[in-house]
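First to last, the protein sequences are chains Y and B. In this text, residue positions in the first sequence follow this note's numbering: the first is 8, and each later residue adds one. In this text, residue positions in the second sequence follow this note's numbering: the first is 7, and each later residue adds one. C-beta: ideal position from N, C-alpha, C; glycine also. Bear in mind the structure is a predicted one, so any value in this text is a computation, not a measurement.
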Amino acid sequence: MASRDDIKFLSNPKIGQKRDKYCRFKRFGIKHIDYKDPDFLLQFVNEQGKLLPRRITGNSLKYQRKIATAVKRARHLAMLPYLTDQLK
Amino acid sequence: MRQYEVTFIVDPVLSDEEIKSTLQTYQEMLTNEGCKIVHTEEMGLKQLAYPIKRRNSGVYYCIEFQLEAPSFLDKLELSLRRDERVMRFLTISLDKFGVKYNEDKRNGLIGKKRTEDEKGSDAKKSEPKKVVADEKEVVKKVVAAKQVLEAVKESDSAASQEEE
């Protein structure tokens, strides 16, 4: 009789579990978002260059606002496109 | 006393001297007003994400300065707007976090894709090795950038000639 520890699951039980989202700015203590760093800001826009919502990135409201301004500034300086396809 | 930052894009078709004189004009303008220029960053020639005035690239400059009287910003922006050499500009006021961020960036504490906590500890440990590697990279980058610059200038000037 196999003990409970020996039982192998047929499928990975972790699949389907929610991954915890967190605000990276709060967790790593980043206080300022640089608008001159388009590579960093690229993480917060989708393929069309639109801002990703908070429910996907997991940012807190405070930093989501800051990201929004930073992306808009970067767009003004032609570091990010206003509209495009296949950005990534 | 607040700290401001003005970033502007200069037309890449101009000659090197003209591009540098553009920067000098604004540096002198700021010093004449009694501003303390904290730092001038030359970000160099970059591809634009979308064409501005039919140019696909631009020379980026960023001046960080301290200013007593905010009314001077209007004058500065007006002259930037009137300047034909400048394609685009952006003036922002920095909060205390922005000031600290720029300072850290100048001291090489901020690298790409690393968080601030790691930066502080890692930078101290691996400083001497990094400097050598960085210098080599910089030289490579400069050479590559020069080639790009020449190529772009040729294509841009050709384009402008066609327009004329």
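Next item on the list: Ignore the nearest five residues each way along the sequence and tell me which others in E48/B's own chain have a CB closer than 7 Å to its CB.
Entry: Mapped onto the second sequence, residue 48/B falls at position 42. Cβ within range, chain order: Y67.
Margin query: 8 Å is my cut-off, CB to CB: does Y29/Y come that close to chain B?
Written below: Here residue 29/Y refers to the residue found at position 22 when the first sequence is read from its first residue. So no, Y29/Y is outside the interface.
Checklist line | Inter-residue spacing [alpha-carbon to alpha-carbon] between I116/B and L51/B | finding: In the second sequence, counting from the first residue as 1, residue 116/B sits at position 110. In the second sequence, counting from the first residue as 1, residue 51/B sits at position 45. The alpha-carbon atoms of I116/B and L51/B are separated by roughly 22 Å.
Note to self: Let me see if you follow: with CB-CB separation under 8 Å, is L87/Y close to chain B or not?
What the structure shows: Numbered from its first residue, the first sequence carries residue 87/Y at position 80. Interface residue, yes.
Item checked: CB contact check: K57/Y to chain B, cutoff 8 Å -> Working through the first sequence from its first residue, we reach residue 57/Y at position 50. No, because no Cβ of chain B sits closer than 8 Å to the Cβ of K57/Y.
Next item on the list: Answer with yes or no whether the minimum CB distance from Y107/B to chain Y is below 8 Å.
Entry: If you number the second sequence from 1, residue 107/B lands on position 101. Answer yes: the Cβ-Cβ gap between Y107/B and chain Y drops below 8 Å somewhere.
Note to self: Please report the distance separating the alpha-carbon of R87/B from that of E109/B.
What the structure shows: Counting from one through the second sequence, the residue named residue 87/B turns up at place 81. Counting from one through the second sequence, the residue named residue 109/B turns up at place 103. Cα-Cα distance, rounded: 29 Å.
Check: If you drop the 5 nearest sequence neighbours on each side, which residues of the same chain put their C-beta closer than 7 Å to that of T91/Y?
Finding: The residue given as residue 91/Y occupies position 84 in the first sequence. Answer for T91/Y: Q55, G56, listed in chain order.
Check: C41/B touches chain D at which residues, Cβ-Cβ below 7 Å?
Finding: Included in the structure are the protein chains Y and B, with no chain D among them.
Next item on the list: Inspect the beta-carbon positions of A81/Y and L48/Y and report whether they are closer than 8 Å.
Entry: On the first sequence, position 74 is the one that residue 81/Y refers to. On the first sequence, position 41 is the one that residue 48/Y refers to. Yes, the Cβ-Cβ distance between A81/Y and L48/Y is below 8 Å.
Notebook entry, point to check: DSSP on L49/Y, reduced to helix/strand/coil?
Noted result: Within the first sequence, residue 49/Y is the residue found at index 42, counting from 1. Helix, per DSSP.
Next item on the list: In the DSSP assignment, find the beta strand (DSSP E) that holds Y42/Y and state where it starts and stops.
Entry: In the first sequence, the residue the question calls residue 42/Y occupies position 35. Per DSSP, Y42/Y belongs to no beta strand (DSSP E) and is neither H nor E.
Item checked: Assigned secondary structure, M93/B (DSSP; H/G/I helix, E/B strand, else coil) -> The count along the second sequence starts at 1 and reaches residue 93/B at position 87. Strand.
Check: Counting Cβ pairs, one atom from each stretch, are 3 or more of them under 8 Å apart for the stretch 68-88 of chain B and the stretch 68-79 of chain Y?
Finding: no
Checklist line | 6 Å CB neighbourhood of I98/B in its chain, flanking five on each side removed | finding: Along the second sequence, read from residue 1 onward, the residue named residue 98/B stands at position 92. Closer than 6 Å at Cβ, skipping near neighbours: E11.
Notebook entry, point to check: Rounded to a whole number of angstroms, what is the C-alpha to C-alpha distance between N19/Y and A150/B?
Noted result: Here residue 19/Y corresponds to residue number 12 of the first sequence, with the count starting at 1. Here residue 150/B corresponds to residue number 144 of the second sequence, with the count starting at 1. N19/Y and A150/B: Cα-Cα distance of roughly 49 Å.
Notebook entry, point to check: Along chain B, which residues have their Cβ under 9 Å away from the Cβ of K79/Y?
Noted result: For this step, residue 79/Y is matched to residue 72 along the first sequence. Neighbours of K79/Y on chain B: none; closest Cβ ~10 Å, over 9 Å.
Next item on the list: Report back the beta-carbon spacing between I69/B and T46/B to the nearest angstrom; my notes put them in contact at under 8 Å.
Entry: Within the second sequence, residue 69/B is the residue found at index 63, counting from 1. Within the second sequence, residue 46/B is the residue found at index 40, counting from 1. At roughly 5 Å, the Cβ-Cβ gap stays under 8 Å, so I69/B and T46/B are in contact.
Check: For the stretch 34-48 of chain Y, which residues have a CB atom closer than 9 Å to at least one CB atom of chain B, in sequence order?
Finding: R34, F35, G36, I37, K38, H39, I40, D41, Y42, K43, D44, P45, D46, F47
Check: Of all the CB atoms in chain B, is at least one closer than 8 Å to the CB of A75/Y?
Finding: Locating residue 75/Y in the first sequence gives position 68, where the first residue counts as 1. Chain B contact via Cβ: absent.
Next item on the list: Report yes or no: is there a C-beta of chain B within less than 8 Å of the C-beta of L84/Y?
Entry: The sequence position of residue 84/Y within the first sequence is 77, counting from 1. True, the Cβ-Cβ gap to chain B drops below 8 Å.
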